[in-house]
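In my numbering, the protein residues as written are 14 to 114. The beta-carbon is built from N, C-alpha and C at its ideal position, and this holds for glycine as well. Working notes, structure below.
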């Protein structure tokens with residue numbers, strides 16, 4: 014069981030770092046650099062870069078979620094929505110509503 018947690022955790026963090034790193038690269042580096050370039054240069058770069066960048070960001074964001082779900086399942090022992098007593102924990106508008114009291 015701990016082997017699965019290590020594998021899912023490593024993959025989840027790896028893809029999350031790639032996803033967040035790509036977003037930071039775009040917002041902090043590339044957008045600032047575009048201001049110093051001519052509009053035609055920006056258009057040419059964007060036409061070549063964005064199709065690949067969009068695919069990579071889509072794959073990394075999807076795989077972050079795909080590996081995060083089984084990681085969460087493994088770490089909770091398959092009890093997504095149970096409290097410590099094994100009862101289903103339902104919350105509605107801040108109030109706790111339990112099906113089995």
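Let me check understanding here. Comparing Cα to Cα, which of the options lies closest to residue i?
i          : options           : result
residue 79 : 88, 59, 37 and 28 : 28
residue 40 : 57, 91 and 66     : 66
To the nearest angstrom, report how far apart residue i and residue j are at their CA atoms.
i          : j          : result
residue 87 : residue 44 : 39 Å
residue 74 : residue 54 : 29 Å
residue 21 : residue 51 : 44 Å
residue 17 : residue 48 : 46 Å
residue 68 : residue 23 : 22 Å
residue 38 : residue 19 : 28 Å
In this structure, does DSSP put residue i in helix, strand or coil?
i          : result
residue 91 : coil
residue 38 : helix
residue 29 : helix
residue 17 : helix
residue 65 : helix
residue 24 : helix
Excluding five sequence neighbours on each side, which residues of the same chain lie with their C-beta closer than 7 Å to the C-beta of residue i?
i          : result
residue 25 : 77, 80, 81 and 84
In chain order, what residues of the same chain have a beta carbon less than 8 Å from the beta carbon of residue i, not counting five sequence neighbours either side?
i          : result
residue 36 : 70
residue 32 : 70, 73, 74 and 77
Beta-carbon within less than 6 Å of residue i's beta-carbon, same chain only, minus the 5 sequence neighbours each way: which residues are those?
i          : result
residue 59 : none
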